[in-house]
Amino acid sequence: MKLDLKIQPLSSWIKATNDNQPLLIAGPCSAETEEQLVATAHLLAQTGKVSALRAGIWKPRTRPGEFEGIGSIGLEWLKRAKAETGLPTAVEVATAKHVEEALKAGVDILWVGARSTANPFTVQEIADALRGVDVPVMVKNPVNPDITLWIGALERINNAGITKLAAIHRGFSSYEKSAFRNEPMWDLAINLKTHAPDLPIINDPSHITGNRDLIPYISQKALDMDMQGLMIESHIDPSVAWTDAKQQVTPKALAELIDHLTLRKPEV
Ligand code: PEP
Ligand code: MN
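For what it's worth, full-length UniProt numbering labels the leading residue of the sequence shown as 1, then goes sequentially.
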């Protein structure tokens, strides 16, 4: 089955900062304070390796009672981070209201999270809010290993007129005991590629591994499989991060790990 997606090339909206390294989107799992976000953004910008700043401000937590994101005020912090560093910004949206607020605040890239992709009603609500808007959207795979949910979400967003579209591979939940927080199940990402050869796929080693020590291994594997970029969580001080502390890396550690990755050379 070949999907009928209308997609613009990734390079029409985001590129690696230079030819010798992969495309990299980085930033904290969550925006926590204005200082944390802005300071992290400055350090990431100084690496010269980051093409966009990610930060969650509405956080889909599995159980109540945990930090659920700083909310709309974080949009102001993202605006400041962008004004001071020049980095385009990216946030997760899970409702029509999130989409409206993020667009109004000038967020450059939106993404649909893994829990939202699993719910067609949610995806359709997001898609309807995007109709008539020209903004890049990245769609994470659903939490469960169901490629048709992933495809359906991509189709809904594309049918709403979003052509700057990418998929994010963030791994799948599984009952198997594993070193990973979410099993990569690479074959599902390859399967998506066969259905939609023009669709860019960005790898998210942070949420696959749940463990900063395993990020280089998964990142290299993703590049070896021709994925077009990486989204990696980075925090100025991961040990005190309010969410996903074990998988975040400092901007310095991020720069080092990127330097150790090998890009596949185009075949001649
Ligand atoms: C995130 O990117 O911080 C996030 C919540 O990821 P996922 O939707 O992949 O769990
Ligand atoms: Mn996270």
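Think of the CB as a built atom: it goes at the ideal place given N, C-alpha and C, for glycine as much as any other residue.
Since the structure is predicted, the reported quantities are computational estimates derived from the model, not experimental observations.
For the alpha helix (DSSP H) containing residue i, list its first residue and its last residue.
| i | result |
| --- | --- |
| residue 117 | 114 to 117 |
| residue 93 | Unbroken run through residue 93: none, as it is neither H nor E. |
| residue 188 | 186 to 195 |
| residue 222 | 215 to 224 |
For residue i, count the other beta carbons within 10 Å of its own beta carbon; 16 or more makes it buried, fewer makes it exposed. Which is it?
| i | result |
| --- | --- |
| residue 11 | exposed |
| residue 204 | buried |
| residue 106 | exposed |
| residue 117 | buried |
| residue 81 | buried |
| residue 200 | buried |
| residue 51 | buried |
| residue 171 | buried |
| residue 65 | exposed |
With a CB to CB cut of under 8 Å and the five nearest residues on each side skipped, what residues in its chain are close to residue i?
| i | result |
| --- | --- |
| residue 202 | 23, 25, 138, 166, 167, 168, 169, 227, 228, 229, 230 and 231 |
| residue 248 | 28, 29, 206, 212, 233, 234, 235, 238 and 241 |
| residue 20 | 263 |
| residue 220 | 261 and 262 |
| residue 120 | 149, 152, 153 and 156 |
Output the boundary residues of the beta strand (DSSP E) element that contains residue i.
| i | result |
| --- | --- |
| residue 203 | 201 to 203 |
| residue 233 | 229 to 233 |
| residue 106 | Per DSSP, residue 106 belongs to no beta strand (DSSP E) and is neither H nor E. |
| residue 31 | Element bounds for residue 31: n/a, residue is neither H nor E. |
Tell me, which residues are paired with residue i by DSSP?
| i | result |
| --- | --- |
| residue 167 | 139 and 201 |
| residue 263 | Answer is none; residue 263 lacks a bridge partner. |
| residue 249 | 234 |
Using a Cβ-Cβ cutoff of less than 7 Å, which residues in the same chain neighbour residue i once the five nearest sequence positions on both sides are dropped?
| i | result |
| --- | --- |
| residue 102 | 75, 91, 93 and 110 |
| residue 7 | 163, 165, 198 and 199 |
| residue 142 | 114, 117, 118, 149 and 150 |
Between residue i and the ligand COA, is there a pair consisting of the residue's CB and a ligand heavy atom that are separated by less than 7 Å?
| i | result |
| --- | --- |
| residue 207 | Questions concerning the ligand COA fall outside what the structure shown contains, since the ligands it does hold are the ligand PEP and the ligand MN. |
For residue i, which residues in the same chain have their Cβ closer than 6 Å to its Cβ, ignoring the five residues on either side in sequence?
| i | result |
| --- | --- |
| residue 156 | 123, 124 and 127 |
* For the segment 118 to 160, which segments carrying the alpha helix (DSSP H) assignment without a break, of at least 4 residues, lie completely within its bounds, in sequence order? -> 120 to 130 and 147 to 159
* Asked: Counting only runs that start and end within the segment 48 to 90, where is the alpha helix (DSSP H) found for 4 or more residues in a row?
  -> 73 to 85
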